[in-house]
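Trainee: My questions will all concern the structure given below.
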Amino acid sequence: AVKVGFSPALGAFIMGSILAETPQAEKIEHLTKSVKDLFGAVFFVSVGMLIDPKILLAYWQPILIITGITIVGKLITTGSGALLSGQPLKTSVQTGLSLTQIGEFSFIIATLGLTLKATSDFLYPITVAVSAITTFTTPYLIKYSENFYNFLAKILPQKWLDAISRYSNSTEGITTLSDWKVLLKSYIFNTIIHSVIIIAIVVLASRSLHPFIVKNITNGKDGVIISVIISFLIMSPFLWALSIKRIQKVAYSHLWLNKKYTRGPLIAMEVFRIALGVFFVGFLMYEFFDTWVAAGIALGLIIAVMVVFSRKLQSFYERMENRFFYNLNARETAKKQPEILPWDTHLLELTVAPESKLVGQTLVDLAVREKYGINIAMIERGKIMIPTPKRDERLYPNDKVLVIGTDDQLASVKHLFEGDQIEIDEDETFPKQDMSLQKIVINSKSPVFGQTIRDSGIREKTQGLVVGIERDGQRILNPDSNLVFENDDIVWIVGNNKRIPELLK
Numbered sequence: 003a004v005k006v007g008f009s010p011a012l013g014a015f016i017m018g019s020i021l022a023e024t025p026q027a028e029k030i031e032h033l034t035k036s037v038k039d040l041f042g043a044v045f046f047v048s049v050g051m052l053i054d055p056k057i058l059l060a061y062w063q064p065i066l067i068i069t070g071i072t073i074v075g076k077l078i079t080t081g082s083g084a085l086l087s088g089q090p091l092k093t094s095v096q097t098g099l100s101l102t103q104i105g106e107f108s109f110i111i112a113t114l115g116l117t118l119k120a121t122s123d124f125l126y127p128i129t130v131a132v133s134a135i136t137t138f139t140t141p142y143l144i145k146y147s148e149n150f151y152n153f154l155a156k157i158l159p160q161k162w163l164d165a166i167s168r169y170s171n172s173t174e175g176i177t178t179l180s181d182w183k184v185l186l187k188s189y190i191f192n193t194i195i196h197s198v199i200i201i202a203i204v205v206l207a208s209r210s211l212h213p214f215i216v217k218n219i220t221n222g223k224d225g226v227i228i229s230v231i232i233s234f235l236i237m238s239p240f241l242w243a244l245s246i247k248r249i250q251k252v253a254y255s256h257l258w259l260n261k262k263y264t265r266g267p268l269i270a271m272e273v274f275r276i277a278l279g280v281f282f283v284g285f286l287m288y289e290f291f292d293t294w295v296a297a298g299i300a301l302g303l304i305i306a307v308m309v310v311f312s313r314k315l316q317s318f319y320e321r322m323e324n325r326f327f328y329n330l331n332a333r334e335t336a337k338k339q340p341e342i343l344p345w346d347t348h349l350l351e352l353t354v355a356p357e358s359k360l361v362g363q364t365l366v367d368l369a370v371r372e373k374y375g376i377n378i379a380m381i382e383r384g385k386i387m388i389p390t391p392k393r394d395e396r397l398y399p400n401d402k403v404l405v406i407g408t409d410d411q412l413a414s415v416k417h418l419f420e421g422d423q424i425e426i427d428e429d430e431t432f433p434k435q436d437m438s439l440q441k442i443v444i445n446s447k448s449p450v451f452g453q454t455i456r457d458s459g460i461r462e463k464t465q466g467l468v469v470g471i472e473r474d475g476q477r478i479l480n481p482d483s484n485l486v487f488e489n490d491d492i493v494w495i496v497g498n499n500k501r502i503p504e505l506l507k
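Here the numbering used here = 1-based position in the sequence shown + 2.
Listed below in structure tokens is the structure:
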């Protein structure tokens, strides 16, 4: 950030925002918590020592005025934004009152202003004072937000309240967009996003890539040609997405085949996309060549892309887009994992190798649950499926065994099946057919309440196993079969996902 002319604070803020959206955010936060607390204490102590009480007394009037404007202004703006987004009046008021404080980032901004001599000396203590006051008032505003809402509900006209309620209810419903709206929305979004990316590539190519090549590789025409080729290769997938990619195929087909609409606007949109692609290629060439040369090269490259490399670019762009959305949603996907697989457990399919020592042995002889802590959920033998196999079931060569356990447990047992110790690859884990891990909550009316795991008949009813129980905040992994079900027990069962819900009926 400093090298490109921005402040270190902004660079740290952006980097923190990026890391906060990764699946490792919680781990990073845990590892850096002690350092954060240390520097947080130093930061606030140092800020407090910079406050001169005499200056605060001298400027108490502007401090109170700015504090009042901040609280009222943020209440109005934030609350109005929540209302416009479709939230009820009560939620909007609570949102506005909970965001009335000025954050500690204002200290950094005020300090930067002093450093650059862009602000007066008295502004810093005023900023700190307003931030401190709003920080202390926010908890009380949150506490009395419901009272403030009740006050507003009494003084506002009933027509206004009814209008707000109708608007909120209307935004909660699912609205059906016309094909034109769907197409235009995607068209505009696609055009803006890829145009910005292409412009950024061209600017970076002319200002960074080309000087680097001239300085370190070659200069003259060779340097120009290398710069153009590299830049064009980088921008080609985005150029294809901008000019050729089919947008909203279903909606486009409906509009094209519908006789009510003329095809003129659709054709105009396609022509505009292609023209925009030609323009951006010309823009790239113009950075390195004369105008007419740039126009000719741009036209030739566009034709080559559309005719020769269209399918390859489509495949490459789709892989890149899928990877982008996978990374974008990685944290949300990771958050859902504990709801399905508690205690970091996984379902893993292992194949019994013909030379394995497991061949011919019964499950009771193997005692994998007692030795390694894993459970065998199912055995696939050719076309025969054996869910929740019994203790006397034997293993045979090429049996596919679905086991459940933690990463460490699976790693410790895998060599028994395959002969060699191999790292566990998460891509190899997957649920088999209709077998899944689900939880049920036991209450006093549940059919299995007061029964032991063995007597409850869960194995027979669900073709499954009880692999864990949560009781009074404690987790019991691989519970004993003589354990009695109690009220509010959360029971985790691996078994037939259609039969498990029937257990509570």
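Don't be surprised by glycine CBs; every beta carbon is placed ideally from N, CA and C. Every value quoted in this text rests on a predicted model; they were computed, and no experiment measured them.
Can you tell me whether G459 is buried or exposed, with buried defined as 16 or more other CB within 10 angstroms of its CB?
Mentor: Here residue 459 refers to the residue found at position 457 of the sequence shown. Its Cβ having fewer than 16 others within 10 Å, G459 is exposed.
Trainee: Please tell me whether I65 and I110 are closer than 7 Å, where the distance is taken between their beta carbons.
Mentor: The count along the sequence shown starts at 1 and reaches residue 65 at position 63. The count along the sequence shown starts at 1 and reaches residue 110 at position 108. No, the Cβ-Cβ distance between I65 and I110 is not below 7 Å.
Trainee: Which partner residues of S438 appear in the DSSP bridge assignment?
Mentor: As a first step, residue 438 is located in the sequence shown; it is residue number 436 there, counting from the start. G497, per the DSSP bridge assignment.
Trainee: Within the same chain, show all residues whose beta-carbon is closer than 7 Å to that of I199, passing over the 5 residues directly before and after it, in chain order.
Mentor: Position 197 of the sequence shown holds residue 199. If we look at I199 and ignore the five residues flanking it on each side, its Cβ neighbours are F240.
Trainee: Where I424 and P213 are concerned, what is the direct C-alpha to C-alpha distance, given to the nearest angstrom?
Mentor: Translated into the one-based positions of the sequence shown, residue 424 becomes position 422. Translated into the one-based positions of the sequence shown, residue 213 becomes position 211. Confidence in I424 is poor, its pLDDT being 39 and thus under 50, which makes the residue's placement too unreliable to answer from.
Trainee: With distances taken between CB atoms, is the gap from T80 to L101 smaller than 7 Å?
Mentor: Indexing the sequence shown from 1 puts residue 80 at position 78. Indexing the sequence shown from 1 puts residue 101 at position 99. Going by C-beta atoms, T80 is nearer than 7 Å to L101.
Trainee: Contact between the segment 87–105 and the segment 29–40: three or more CB pairs below 8 Å?
Mentor: As far as the Cβ criterion goes, the segment 87–105 does not touch the segment 29–40, which means the pair count is below three.
Trainee: Taking the CB atoms as reference points, tell me whether K402 and E351 lie closer together than 7 Å.
Mentor: By 1-based counting over the sequence shown, the position of residue 402 is 400. By 1-based counting over the sequence shown, the position of residue 351 is 349. In contact: K402 and E351 (Cβ atoms closer than 7 Å).
Trainee: Check the DSSP bridge columns for P389 and list the partner residues they point to.
Mentor: Walking along the sequence shown from the start, residue 389 turns up at place 387. DSSP, once it has assigned bridges, lists M380 as partnering P389.
Trainee: Hey, would you say Y374 sits closer than 7 Å to V405, going by beta carbons?
Mentor: To locate residue 374, count along the sequence shown from 1; it is residue 372. To locate residue 405, count along the sequence shown from 1; it is residue 403. Not in contact: Y374 and V405 (Cβ atoms no closer than 7 Å).
Trainee: What is the rounded straight-line gap between the Cα of A131 and the Cα of G50?
Mentor: Taking the sequence shown and counting its residues from 1, one reaches residue 131 at position 129. Taking the sequence shown and counting its residues from 1, one reaches residue 50 at position 48. Rounded to the nearest angstrom, the two C-alpha atoms are 9 Å apart.
Trainee: Should R325 be labelled buried (16 or more other beta-carbon atoms within 10 Å of its own) or exposed?
Mentor: Residue numbering aside, residue 325 sits at position 323 when the sequence shown is read from its first letter. With fewer than 16 other Cβ atoms within 10 Å, it is exposed.
Trainee: Would DSSP call D427 helix, strand or coil?
Mentor: In the sequence shown, the residue the question calls residue 427 occupies position 425. Caution is warranted here: a pLDDT of 46 is assigned to D427, below 50, making its placement in the model unreliable, and no coordinate value can be reported.
Trainee: Less than 8 Å between the CB atoms is what I'm expecting for Y189 and I249, so what's the real figure, rounded?
Mentor: Working through the sequence shown from its first residue, we reach residue 189 at position 187. Working through the sequence shown from its first residue, we reach residue 249 at position 247. About 6 Å; that satisfies the 8 Å criterion.
Trainee: Between R477, S317, E106, which has its C-alpha nearest V469's C-alpha?
Mentor: Position 467 of the sequence shown, counted from the first residue, corresponds to residue 469. Selected option, being the one with the closest Cα: R477.
Trainee: Look up L352 in the DSSP assignment and give the residues it is bridged to.
Mentor: As a first step, residue 352 is located in the sequence shown; it is residue number 350 there, counting from the start. Looking at the DSSP assignment, L352 forms a beta bridge with V403.
Trainee: If you draw a straight line from the C-alpha of P449 to the C-alpha of L439, how long is it?
Mentor: Mapped onto the sequence shown, residue 449 falls at position 447. Mapped onto the sequence shown, residue 439 falls at position 437. Distance between the alpha carbons of P449 and L439: 20 Å.
Trainee: Ordered along the chain, which non-local residues of its own chain (more than five positions away) have a Cβ less than 7 Å from that of D181?
Mentor: Here residue 181 corresponds to residue number 179 of the sequence shown, with the count starting at 1. Same-chain partners within the cutoff: A253, H256, L257.
Trainee: Mind checking I16: buried by the 16 CB within 10 Å criterion, or exposed?
Mentor: In the sequence shown, residue 16 corresponds to position 14, counting from 1. That one is exposed.
Trainee: Return the first residue and the last residue of the alpha helix (DSSP H) that L412 is part of.
Mentor: Counted from its first residue, the sequence shown places residue 412 at position 410. Looking at the DSSP string, the run of the alpha helix (DSSP H) that includes L412 is 409–420.
Trainee: Which class does V95 belong to by DSSP, given the choice of helix, strand or coil?
Mentor: Here residue 95 is taken as the residue at index 93 of the sequence shown, counted from 1. Helix.
Trainee: Using only the heavy atoms of the ligand GDP, determine whether one of them is closer than 6 Å to the beta carbon of L350.
Mentor: Absence of the ligand GDP from the depicted structure is noted, as is the absence of any ligand whatsoever, leaving it without description.
Trainee: Got a sec? Which residues, its chain only, sit under 7 Å from L77 by beta carbon, not counting five neighbours each side?
Mentor: Taking the first residue of the sequence shown as position 1, residue 77 is located at position 75. G98, L99, T102, listed in sequence order.
Trainee: Are the beta-carbon atoms belonging to V361 and P391 less than 7 Å from one another?
Mentor: As a working mapping, residue 361 is identified with position 359 in the sequence shown. As a working mapping, residue 391 is identified with position 389 in the sequence shown. It is not a contact, given that the beta carbons lie outside the stated cut-off.
Trainee: Assign D2 to buried or exposed, taking buried as 16 or more other Cβ atoms, counted over all protein chains shown, within 10 Å of its Cβ.
Mentor: Since the first residue of the chain shown is 3 and the last is 507, residue 2 is not available in this structure.
Trainee: If you draw a straight line from the alpha carbon of T72 to that of V205, how long is it in whole angstroms?
Mentor: Residue numbering aside, residue 72 sits at position 70 when the sequence shown is read from its first letter. Residue numbering aside, residue 205 sits at position 203 when the sequence shown is read from its first letter. Near 40 Å, if we compare the C-alpha coordinates of V205 and T72.
Trainee: Report the partner residues of Q453 according to the DSSP bridge assignment.
Mentor: As a working note, residue 453 is residue 451 in the sequence shown. Beta-bridge pairing links Q453 to no other residue.
Trainee: Measure the beta-carbon distance from N489 to F451 and round it to whole angstroms, keeping in mind my assumption that it falls under 8 Å.
Mentor: Taking the first residue of the sequence shown as 1, we reach residue 489 at position 487. Taking the first residue of the sequence shown as 1, we reach residue 451 at position 449. About 7 Å; that satisfies the 8 Å criterion.
Trainee: Is the beta carbon of Q465 sitting closer than 7 Å to the one on N499?
Mentor: Counting from 1 along the sequence shown, the entry for residue 465 is found at position 463. Counting from 1 along the sequence shown, the entry for residue 499 is found at position 497. No, these two residues do not count as a Cβ contact at 7 Å.
Trainee: Can you tell which of W162, K385, E472, Y169 has its C-alpha closest to the C-alpha of L86?
Mentor: Your numbering for residue 86 matches position 84 in the sequence shown. When each option's Cα is compared against that of L86, the closest is Y169.
Trainee: Taking E472 as part of the beta strand (DSSP E), name the residues at either end of that continuous run.
Mentor: One-based indexing of the sequence shown puts residue 472 at position 470. First-last of the beta strand (DSSP E) with E472: 467–473.
Trainee: Assuming R393 and T353 form a contact by the criterion Cβ under 8 Å, report the distance between their Cβ atoms to the nearest whole angstrom.
Mentor: For the purposes of this step, residue 393 is taken as the residue at position 391 of the sequence shown. For the purposes of this step, residue 353 is taken as the residue at position 351 of the sequence shown. Actually they do not touch by this definition, with Cβ atoms about 22 Å apart.
Trainee: Suppose you measure from the CA of I386 to the CA of M380; what does that come to, to the nearest Å?
Mentor: Within the sequence shown, numbered from 1, the residue matching residue 386 stands at position 384. Within the sequence shown, numbered from 1, the residue matching residue 380 stands at position 378. Rounded to the nearest angstrom, the two C-alpha atoms are 11 Å apart.
Trainee: Figure out for me which residue from I203, I57, N221 has the closest Cα to the Cα of S508.
Mentor: Because the chain here runs from 3 to 507, residue 508 falls outside it and cannot be looked at.
Trainee: Are the beta-carbon atoms of I166 and T136 separated by less than 7 Å?
Mentor: Counting from one through the sequence shown, the residue named residue 166 turns up at place 164. Counting from one through the sequence shown, the residue named residue 136 turns up at place 134. Not a contact, by the Cβ cut-off of 7 Å.
Trainee: Taking the alpha carbon of W494 as the point to measure from, which residue in L12, G407, L412, H417 has its own alpha carbon closest?
Mentor: For the purposes of this step, residue 494 is identified with residue 492 of the sequence shown, where counting begins at 1. Closest option to W494, Cα to Cα, is G407.
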